Amino acid sequence: VVTSSLFEPLDNDPPYEIVRPFVYASAQPKAKKAMRLAMALEPARDFLERFAPDVVHAQGTVLPVIERFLYRGLRAVTICTVHDARAHERRPWLGSFSGFYGGFDWLICHSESTRQKVRDALPDARIEVVPHGLYTPPTSALPDQAAARRELQLPPGSRVALFFGFIRRYKGLDLFLESVRIAQGEGHDLIGLVAGRPLYDVSRRVEQARRDGLPVAWHLGFIAREEIATFFAAADVVALPYIDTSDSGAFELAAGFGKPVVVTDAGGLAEAFARYRYGALVPERTAPAVARALLGPYPPAPLSRADNSWAAVATRTQAIYAQAQAIRE
Numbered sequence: 002v003v004t005s006s007l008f009e010p011l012d013n014d015p016p017y018e019i020v021r022p023f024v025y026a027s028a029q030p031k032a033k034k035a036m037r038l039a040m041a042l043e044p045a046r047d048f049l050e051r052f053a054p055d056v057v058h059a060q061g062t063v064l065p066v067i068e069r070f071l072y073r074g075l076r077a078v079t080i081c082t083v084h085d086a087r088a089h090e091r092r093p094w095l096g097s098f099s100g101f102y103g104g105f106d107w108l109i110c111h112s113e114s115t116r117q118k119v120r121d122a123l124p125d126a127r128i129e130v131v132p133h134g135l136y137t138p139p140t141s142a143l144p145d146q147a148a149a150r151r152e153l154q155l156p157p158g159s160r161v162a163l164f165f166g167f168i169r170r171y172k173g174l175d176l177f178l179e180s181v182r183i184a185q186g187e188g189h190d191l192i193g194l195v196a197g198r199p200l201y202d203v204s205r206r207v208e209q210a211r212r213d214g215l216p217v218a219w220h221l222g223f224i225a226r227e228e229i230a231t232f233f234a235a236a237d238v239v240a241l242p243y244i245d246t247s248d249s250g251a252f253e254l255a256a257g258f259g260k261p262v263v264v265t266d267a268g269g270l271a272e273a274f275a276r277y278r279y280g281a282l283v284p285e286r287t288a289p290a291v292a293r294a295l296l297g298p299y300p301p302a303p304l305s306r307a308d309n310s311w312a313a314v315a316t317r318t319q320a321i322y323a324q325a326q327a328i329r330e
């Protein structure tokens with residue numbers, strides 16, 4: 002499996018070897034990270050050829066114009082999990098996502114919605130759907146909500162909506178802020194909690210929210226693994242008001258913590274919500290609709306859900322490996 006360091010082992014002592022041909026710091030300039038990635042291709046390719054695996058499984062791409070050279074011409078069966086059907090921002094220098102995916106023997110998508118997007122670009126591709134795994138929370142239990150709110154300096158009696166994760170334009174920060182504004186204007190005690198590292202400049206939005214007295218607590222920056230539970234413990238609901246997406250790991254993290262989610266009908270979110278069924282699915286991507294949904298209440302969480310545990314995901318993925326190898330042979 003070829004993946005990013007963002008994907009961590011579930012166990013402290015995993016029964017497999019981790020090889021790190023490419024390491025970077027998130028604060029490094031993009032050009033430097035791209036250069037280091039390009040320099041890592043040769044040793045990574047040499048390792049794959051010496052190791053001679055039966056299957057090489059890539060976990061998506063961030064820079065297809067460079068990464069495509071790692072997989073072309075390998076003797077092994079090549080499989081790629083599609084995390085982004087296309088680039089979310091217009092950055093032609095990244096290279097073609099569909100061109101990158103087209104070089105693999107098989108593709109795995111996390112939803113039928115994403116499969117259809119890929120199919121539109123690659124009509125002859127072999128594509129299977131394996132739902133995103135339910136993230137295992139990085140703690141055995143959520144901290145006490147009152148303690149979490151004291152740590153984050155949030156009032157104990159307010160309703161808190163969490164907007165969590167890397168902040169990108171397509172994730173709907175503006176829609177979230179406007180939803181909080183509407184709830185405030187209608188007299189509701191709703192506080193927005195924004196936590197994560199922005200991948201674009203949000204300083205004007207932060208300044209405007211503060212000037213307007215918008216009830217939003219900002220925690221901008223990378224959230225360390227050991228800090229994640231505090232934010233989810235403090236929240237009453239998790240907001241995912243995406244404008245566009247393929248699928249969402251943040252959704253599965255919220256589900257792992259057992260929190261209700263409010264999601265817009267974007268990409269594969271409706272399919273994920275149909276599996277989880279706790280919170281609200283907002284068909285229209287408007288601030289009034291999201292504001293109403295954030296206020297709740299919601300039906301109780303269902304006792305039984307579709308199985309997207311990591312064990313189930315692993316079983317389905319292994320079956321795809323076997324099928325791909327059988328066809329190759």
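Sequence positions in the sequence shown follow my numbering and run 2 to 330. Heads up, the beta-carbon is just placed ideally off N, CA and C, and yes, glycines get one too. Note that the structure is a prediction, hence the values are computed from the model and not measured.
Exposed is the label assigned to G188, since fewer than 16 other Cβ atoms lie within 10 Å of its Cβ. Using a C-beta cut-off of 8 Å, the region 106-122 makes contact with the region 256-269, since at least three inter-stretch Cβ pairs fall below that distance. In the displayed model, Q209 falls within a helix according to three-state DSSP. Excluding five sequence positions before and after A234, the CB atoms of its chain that fall closer than 6 Å to its own CB belong to L143, P144, Q146, A149, given in chain order.
Around the beta carbon of K33, fewer than 16 other beta carbons sit within 10 angstroms, so the residue counts as exposed.
A292 is not a Cβ neighbour of V262, given a cutoff of 9 Å. Between the alpha carbons of A28 and G222 lies a gap of roughly 10 Å. Positions of the beta strand (DSSP E) runs, each at least 3 residues long and wholly inside the region 143-212, are given as 160-165, 191-197 in order along the chain. In this structure, D245 and A273 do not form a Cβ contact; the two beta carbons are roughly 15 Å apart against a cut-off of 8 Å.
When DSSP reads this structure, I128 sits in a beta bridge with L108.
Judged by DSSP in its simplified three-state form, G280 adopts strand. Contact between L178 and G193 holds, with the beta-carbon distance rounding to 7 Å and staying under 8 Å. In this structure L75 touches V57 by the C-beta definition: roughly 6 Å separates them, less than 8 Å. Between the region 308-328 and the region 130-137, the count of C-beta pairs closer than 8 Å reaches three or more; the two stretches touch. Beta-bridge partners assigned by DSSP to A59: V3, C81. Taking the Cα positions, F23 is about 21 Å away from L200.
The beta carbon of V239 sits closer than 6 Å to the beta carbons of L163, A255, K260, V262 from its chain, once the five residues preceding and following it are set aside; these are given in chain order.
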